[in-house]
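Novice:
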Amino acid sequence: MEKFKNVYYQEMIKERERLIRYIQNFEKLEKVEDRSAEEWTERPNPVVRYQLYMDYLAALLKVMRNKYNEEYVWGNKKLSDLE
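Numbering (UniProt numbering), first residue to last: 1 to 83.
(1) For Glu2 and Glu17, I'd like the C-alpha separation in whole angstroms.
(2) Is the CB-CB distance between Met12 and Met64 below 7 angstroms?
(3) Mind listing, in chain order, the continuous alpha helix (DSSP H) runs of no fewer than 4 residues lying wholly within the region 44 to 72?
(4) Could you give the DSSP three-state label for Asn76: helix, strand or coil?
(5) Would DSSP call residue 123 helix, strand or coil?
(6) Rounded to whole angstroms, how far is the Cβ of residue 136 from the Cβ of Tyr22, which I believe are closer than 8 angstroms?
(7) Under three-state DSSP, which class holds Asp81?
This is how it looks when you write it as structure tokens:
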């Protein structure tokens, strides 16, 4: 998570959304047992990526929480400024 130390909070939000989209899409395809996509021939396969992305998301959320506190709770920034 070192790569996010000097990243804007808005970039972290985008990364969080990207991870959530992948996770949700994987779960949707797993529910219907659809493994026909080409990505199933790639390594790491989607099951491994799913697990890695969940770990990555958990770590990212911890960094986001700390950055939010520093910049928005204790600092002078507002989330409304992001838009």
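Using N, Cα and C, we set each Cβ at its ideal position, and we do this for glycine too.
Specialist: Reading from the atomic positions:
(1) Numbered from its first residue, the sequence shown carries residue 2 at position 2. Numbered from its first residue, the sequence shown carries residue 17 at position 17. Looking at the two C-alpha atoms, the distance is approximately 19 angstroms.
(2) Here residue 12 corresponds to residue number 12 of the sequence shown, with the count starting at 1. Here residue 64 corresponds to residue number 64 of the sequence shown, with the count starting at 1. Result yes, Cβ atoms of Met12 and Met64 sit closer than 7 angstroms.
(3) Secondary structure remark: continuous alpha helix (DSSP H) runs of at least 4 residues inside the region 44 to 72, in chain order: 46 to 68.
(4) Here residue 76 refers to the residue found at position 76 when the sequence shown is read from its first residue. The answer is coil: DSSP assigns Asn76 none of H, G, I, E or B.
(5) No answer is possible for residue 123: the residues shown for the chain start at 1 and end at 83.
(6) Since the first and last residues shown for the chain are 1 and 83, residue 136 lies out of range.
(7) Position 81 of the sequence shown, counted from the first residue, corresponds to residue 81. DSSP places Asp81 in helix when its eight states are reduced to three.
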